[in-house]
Amino acid sequence: MSKFEELSSLLEAYGQETEHARKAFPVNSIECLDSVPDSQGVYWIETTMPISKVREAISELNGKEKKLRVKPPIGTSLITQVEAEPIVIYSGTENNLNSRLKQHLFNLGSKKTAKLGCIISQPPFDSYEWFVSYAEIDSYELRYAVEAWWRLNMGWPQFCLR
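FYI, the numbering for the sequence shown is 3 to 164, going by the numbering used here.
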């Protein structure tokens, strides 16, 4: 087995392990994120809110059009919503999971910070269910590798442009 094949095999195993260990928990207030550590890792945001309504509400809240990924990168597919089932709309990696999730879900931080930009405790977002899951990973390179592995193997969230 070549070093590349060995590395690919290890990433596949670690990615699968991360996905199987991922447990989403409900979030409806900023306090719900108090249990999320200030450590490094990857995270996923899910909701039952239809993608089109999320986009429309974020655009209205922030006064500018929220972009969606229209075409998936080669080798993967966009995650699509099945009726009112929760859907992963965003995944990412960050040095501080707690603050990053607050930026995304409660529109905290600078207006220049790239983020989902919703406030899930306010209408119309609060009419739907929101969930978060994360995995602590303290290696910069491995965080990005797991993020890429997940998007290629599980699907690309529509609000992830990069």
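We put the beta carbon where it would ideally sit given N, CA and C, even for glycine.
Tell me the rounded alpha-carbon separation between residue i and residue j.
| i | j | result |
| --- | --- | --- |
| residue 127 | residue 161 | 16 Å |
| residue 56 | residue 85 | 14 Å |
| residue 180 | residue 156 | The question about residue 180 has no answer here: the residues shown for the chain are numbered 3 through 164. |
| residue 99 | residue 5 | 32 Å |
| residue 80 | residue 3 | 32 Å |
| residue 37 | residue 105 | 16 Å |
| residue 23 | residue 69 | 30 Å |
| residue 151 | residue 8 | 15 Å |
| residue 33 | residue 125 | 18 Å |
| residue 93 | residue 163 | 11 Å |
| residue 26 | residue 132 | 9 Å |
| residue 108 | residue 45 | 15 Å |
What is the DSSP secondary structure of residue i, counted as helix, strand or coil?
| i | result |
| --- | --- |
| residue 63 | helix |
| residue 141 | coil |
| residue 110 | coil |
| residue 146 | helix |
| residue 129 | helix |
| residue 21 | helix |
| residue 56 | helix |
| residue 99 | helix |
| residue 87 | coil |
| residue 27 | strand |
| residue 93 | strand |
Are the CB atoms of residue i and residue j nearer to each other than 7 Å?
| i | j | result |
| --- | --- | --- |
| residue 43 | residue 121 | no |
| residue 20 | residue 148 | yes |
| residue 130 | residue 50 | yes |
| residue 154 | residue 95 | no |
| residue 119 | residue 64 | yes |
| residue 60 | residue 91 | no |
| residue 35 | residue 103 | yes |
| residue 158 | residue 52 | no |
| residue 76 | residue 83 | no |
Taking its Cβ as the centre, do 16 or more other Cβ atoms sit within 10 Å of residue i, making it buried, or is it exposed?
| i | result |
| --- | --- |
| residue 117 | buried |
| residue 142 | exposed |
| residue 12 | exposed |
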